[in-house]
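Enquirer: When the letters of the sequence shown are read in order and numbered with my numbering, they come out as residues 37 to 407. Note that the Cβ used here is the ideal one computed from N, Cα and C, for glycine as well. For clarity, every value in this text was computed on a predicted model and none was experimentally measured.
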Amino acid sequence: MAKFVVTPWEVTGDVNYDKLVKDFGTTRISKQLLEKTKKHTGKLHLFLRRGLFFSHRDFDKILDDYEKGKKFFLYTGRGPSGKTHLGHLMPWIFAKHLQDKFKAEMYFQLTDDEKYLVKNLTLDQTIGFSYDNALDVIACGFDPKKTFIFLDTEYSKSLYKMAIRISKHITFSITKSVFGFQNSSNIGLIFFPAMQAAPCFFPSELKKKKMNCLIPAAIDQDPYWRGIARYVAPKLGYPKPAQIHNKFLPGLGESGKMSSSKPNTCIFTTDDPDIVKRKIWNAFTGGRGSKKEQMEKGGNPDICKIYQYLYYMFEEDDKKLKERYNNCKKGKILCGDCKIYLTNKINKFLKEHQKRRQKAKRQLDKFILRD
Ligand code: TRP
37 MAKFVVTPWE VTGDVNYDKL VKDFGTTRIS KQLLEKTKKH TGKLHLFLRR GLFFSHRDFD
97 KILDDYEKGK KFFLYTGRGP SGKTHLGHLM PWIFAKHLQD KFKAEMYFQL TDDEKYLVKN
157 LTLDQTIGFS YDNALDVIAC GFDPKKTFIF LDTEYSKSLY KMAIRISKHI TFSITKSVFG
217 FQNSSNIGLI FFPAMQAAPC FFPSELKKKK MNCLIPAAID QDPYWRGIAR YVAPKLGYPK
277 PAQIHNKFLP GLGESGKMSS SKPNTCIFTT DDPDIVKRKI WNAFTGGRGS KKEQMEKGGN
337 PDICKIYQYL YYMFEEDDKK LKERYNNCKK GKILCGDCKI YLTNKINKFL KEHQKRRQKA
397 KRQLDKFILR D
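Right, here's the structure in full:
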């Protein structure tokens with residue numbers, strides 16, 4: 037298996053998810069847990085049916101408590117270091133689904149401080165990206181009455197009070213072992229994990245009662261929960277936050293996840309139809325060298341990015357997806373067919389998303405939390 041790296045600040049290579057589950061000590065989502073979820077959501081969301089949300093901590097407990105009448109809130113976030121791409125949307129789309137099904141409130145953190153500390157960006161830039169990215173969050177369709185979006189630098193009064201209480205229990209040596217900080221790391225970054233853990237608990241303060249928290253997020257964020265939030269929860273008298281983890285949307289190139297640093301293999305939510313068409317046209321497929329060969333020997337959907345995109349997000353219909361898979365293997369369809377099909381699907385999705393994103397500019401005030 038090729039080398040891969042998954043940390044909160046770096047994800048490279050082809051990720052071995054079994055190894056991650058083992059190394060991080062999370063739990064695979066079992067068939068029983070899916071059945072239990074189904075009782076509340078009806079037909080399972082595509083992300084669950086296809087194993088894209090695949091791992092968790094205490095999601096079963098969240099459901100048990102919910103069945104006993106104890107509600108939970110959702111918490112997720114974004115490090116605003118650039119434009120939003122399709123990969124970022126996965127946990128947000130899923131959070132919106134959970135909000136609908138469980139009538140849950142959602143807290144969304146924009147870590148303008150974190151991205152200022154780790155990237156070569158000014159604070160004005162990370163604040164700017166925060167407001168830009170917030171439009172994509174809103175465009176996912178969250179309920180304005182139940183959704184609270186905040187920037188660390190602007191919602192600092194509430195967050196800071198919680199973060200210092202957390203930080204008192206976290207030694208430098210803990211953060212070194214969880215995040216690999218060095219003596220040369222800046223002290224802002226060493227404190228930052230307390231800021232990211234704070235939203236797990238401050239809704240309990242807002243409501244004056246202990247609230248269960250469920251975090252839908254890509255698995256690279258796990259160190260914050262495992263190493264910091266779940267460790268301090270009992271010390272501060274709050275429930276441990278639960279997580280449900282997703283896999284990374286692949287980039288359009290041969291390997292690696294979708295990443296803004298490789299714009300040609302990455303689809304941004306603001307891309308226009310021609311750009312999408314070009315990017316998809318140049319994507320890595322499992323096709324053969326010629327039409328003749330493809331028809332004789334068949335293609336390889338297992339390594340094909342076009343197929344993966346249909347699998348991850350853009351072919352809702354399980355039957356159609358399977359048919360396409362089989363037809364590819366049998367050489368009955370050519371890569372061009374699939375590329376056109378996917379381009380149309382993505383452009384249709386983006387057209388709607390961009391409309392809602394435009395509308396979101398007028399709705400920002402309804403969503404942004406200030407203190
Ligand atoms: N650190 C995350 C990032 O770089 C942003 C973030 C903050 C987040 N709070 C979160 C992500 C909670 C998921 C869940 O993208």
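Could you tell me which residues DSSP pairs with P277 in its beta bridges?
Expert: To locate residue 277, count along the sequence shown from 1; it is residue 241. DSSP lists no partner for P277.
Enquirer: Is Q257 close to the ligand TRP? I mean its beta-carbon at under 7 Å from any heavy atom of the ligand.
Expert: Here residue 257 refers to the residue found at position 221 when the sequence shown is read from its first residue. Result yes, Cβ under 7 Å from the ligand TRP.
Enquirer: Please name the residue in L69, T379, L225 whose C-alpha comes closest to that of F90.
Expert: Taking the sequence shown and counting its residues from 1, the one referred to as residue 90 is at position 54. Ranked by Cα distance from F90, the options L69, T379, L225 are led by L69.
Enquirer: Grouping DSSP H, G and I as helix and E and B as strand, with all else coil, what is Y392?
Expert: Along the sequence shown, one-based indexing puts residue 392 at 356. According to the sequence provided, residue 392 is Arg. The question's Tyr does not apply to it. Three-state result, R392: helix.
Enquirer: So does Y111 have its beta carbon nearer than 7 Å to some heavy atom of the ligand TRP?
Expert: On the sequence shown, residue 111 is found 75 positions in, with the first residue counted as 1. Because some heavy atom of the ligand TRP lies under 7 Å away, the Cβ of Y111 counts as near it: yes.
Enquirer: Can you say whether S240 is buried or exposed, counting buried as having 16 or more other CB atoms within 10 angstroms of its CB?
Expert: Taking the first residue of the sequence shown as 1, we reach residue 240 at position 204. With 16 or more Cβ atoms within 10 Å of its Cβ, S240 is classed as buried.
Enquirer: With L288 as the anchor, note down where its alpha helix (DSSP H) starts and where it stops.
Expert: One-based indexing of the sequence shown puts residue 288 at position 252. Segment: none, L288 is in no alpha helix (DSSP H) and carries neither H nor E.
Enquirer: Should the stretch 363 to 375 be called in touch with the stretch 143 to 157, which here means at least 3 C-beta pairs below 8 Å?
Expert: Result no; under three Cβ-Cβ pairs closer than 8 Å.
Enquirer: Rounded C-beta distance between L250 and F95? I'm assuming under 8 Å.
Expert: Within the sequence shown, residue 250 is the residue found at index 214, counting from 1. Within the sequence shown, residue 95 is the residue found at index 59, counting from 1. The beta carbons of L250 and F95 sit about 7 Å from each other, so the pair counts as a contact at 8 Å.
Enquirer: Assuming T158 is part of the beta strand (DSSP E), what are its boundary residues?
Expert: Position 122 of the sequence shown, counted from the start, is the residue given in the question as residue 158. Careful: T158 lies outside any beta strand (DSSP E) and carries neither H nor E.
Enquirer: Distance, Cα to Cα, A254 vs P116?
Expert: Here the question's residue 254 lines up with position 218 in the sequence shown. Here the question's residue 116 lines up with position 80 in the sequence shown. So the alpha carbons of these two residues sit roughly 15 Å apart.
Enquirer: Is D256 closer than 8 Å to P44 when the C-beta atoms are compared?
Expert: On the sequence shown, position 8 is the one that residue 44 refers to. On the sequence shown, position 220 is the one that residue 256 refers to. Contact: yes.
Enquirer: Need the endpoints of the alpha helix (DSSP H) that E359 sits in, please.
Expert: The sequence position of residue 359 within the sequence shown is 323, counting from 1. Segment 354 to 365, the alpha helix (DSSP H) holding E359.
Enquirer: Can you check the stretch 131 to 205 for any beta strand (DSSP E) of at least 3 residues that lies completely inside it and give the ranges in chain order?
Expert: 142 to 146, 183 to 187
Enquirer: Around the Cβ of I382, are there at least 16 other Cβ atoms within 10 angstroms (buried) or fewer (exposed)?
Expert: Here residue 382 is taken as the residue at index 346 of the sequence shown, counted from 1. The residue is buried, with at least 16 neighbouring Cβ atoms inside 10 Å.
Enquirer: Buried or exposed: which applies to I206, given that a residue is buried once 16 or more other Cβ atoms fall within 10 Å of its Cβ?
Expert: In the sequence shown, counting from the first residue as 1, residue 206 sits at position 170. Classification for I206: buried.
Enquirer: Return yes when at least one heavy atom of the ligand TRP lies under 7 Å from the C-beta of Q135, else no.
Expert: Mapped onto the sequence shown, residue 135 falls at position 99. False, no ligand heavy atom lies under 7 Å from that Cβ.
Enquirer: Closest to K333 by C-alpha separation, out of D310, L110, K397, G322, would be which residue?
Expert: Taking the first residue of the sequence shown as 1, we reach residue 333 at position 297. When each option's Cα is compared against that of K333, the closest is G322.
Enquirer: Do F238 and I226 have their C-beta atoms within less than 8 Å of each other?
Expert: Locating residue 238 in the sequence shown gives position 202, counting from the first residue. Locating residue 226 in the sequence shown gives position 190, counting from the first residue. Pairing F238 with I226 gives a Cβ-Cβ distance that is not under 8 Å.
Enquirer: Three Cβ pairs or more, each shorter than 8 Å: is that satisfied between the stretch 70 to 79 and the stretch 276 to 290?
Expert: no
Enquirer: With distances taken Cα to Cα, identify the nearest neighbour of F178 among A131, S194, I223.
Expert: If you number the sequence shown from 1, residue 178 lands on position 142. Of the candidates A131, S194, I223, the residue whose Cα lies closest to the Cα of F178 is A131.
Enquirer: Whose C-alpha, out of M198, P259, P180, Q399, is nearest the C-alpha of F215?
Expert: Reading the sequence shown from its first residue, position 179 is the one you call residue 215. Residue P259 is the option with its Cα nearest to F215.
Enquirer: Our contact map puts L378 next to P252 with C-beta atoms below 8 Å; I'd like the distance itself, whole angstroms only.
Expert: As a working note, residue 378 is residue 342 in the sequence shown. As a working note, residue 252 is residue 216 in the sequence shown. About 25 Å; that fails the 8 Å criterion.
Enquirer: Thinking just about the alpha-carbon of each residue, which of T147, Q161, L242, R406 is nearest to the one in M198?
Expert: Position 162 of the sequence shown, counting from 1, holds the residue named residue 198. Nearest C-alpha to M198: L242.
Enquirer: For V268, which option in A230, P299, K246, S297 has the closest C-alpha, if you only look at C-alpha atoms?
Expert: In the sequence shown, counting from the first residue as 1, residue 268 sits at position 232. The shortest C-alpha separation from V268 is found at A230.
Enquirer: Is the separation between the beta-carbon of Q330 and that of L370 shorter than 8 Å?
Expert: In the sequence shown, residue 330 corresponds to position 294, counting from 1. In the sequence shown, residue 370 corresponds to position 334, counting from 1. Yes, they are a contact pair.
Enquirer: Considering F108, what are the terminal residues of the alpha helix (DSSP H) in which it resides?
Expert: Taking the first residue of the sequence shown as position 1, residue 108 is located at position 72. Looking at the DSSP string, F108 is not in any alpha helix (DSSP H); the run it does join, the beta strand (DSSP E), is 108 to 114.
Enquirer: Following a CB-centred definition, is A131 positioned closer than 7 Å to any heavy atom of the ligand TRP?
Expert: For the purposes of this step, residue 131 is identified with residue 95 of the sequence shown, where counting begins at 1. Answer for A131: no, Cβ out of range of the ligand TRP.
Enquirer: Would DSSP call E46 helix, strand or coil?
Expert: If you number the sequence shown from 1, residue 46 lands on position 10. Strand, per DSSP.
Enquirer: Hey, is R324 close to the ligand TRP, as in C-beta under 7 Å from one of its heavy atoms?
Expert: Here residue 324 refers to the residue found at position 288 when the sequence shown is read from its first residue. Not one heavy atom of the ligand TRP lies closer than 7 Å to the C-beta of R324.
Enquirer: Roughly how many whole angstroms lie between the Cα atoms of K358 and L122?
Expert: Looking up residue 358 in the sequence shown gives position 322. Looking up residue 122 in the sequence shown gives position 86. If I take the Cα positions, the gap works out to 23 Å.
Enquirer: Here's a check: name, in chain order, each residue in its chain whose Cβ is nearer than 6 Å to the Cβ of G263, leaving out the five neighbours to either side.
Expert: Along the sequence shown, read from residue 1 onward, the residue named residue 263 stands at position 227. Correct list, in chain order: V214.
Enquirer: Can we count A253 as close to the ligand TRP, meaning its CB is less than 7 Å from some heavy atom?
Expert: In the sequence shown, the residue the question calls residue 253 occupies position 217. Yes; taking the cut-off as 7 Å, the Cβ of A253 has a heavy atom of the ligand TRP nearer than that.
Enquirer: Please report the straight-line C-alpha distance between G292 and K182, rounded to a whole angstrom.
Expert: In the sequence shown, the residue the question calls residue 292 occupies position 256. In the sequence shown, the residue the question calls residue 182 occupies position 146. For G292 and K182, the distance between alpha carbons rounds to 35 Å.
Enquirer: Apply the 10 Å Cβ neighbour rule to N318 and answer buried if 16 or more other Cβ atoms are within range, or exposed otherwise.
Expert: Taking the first residue of the sequence shown as position 1, residue 318 is located at position 282. Label assigned to N318: exposed.
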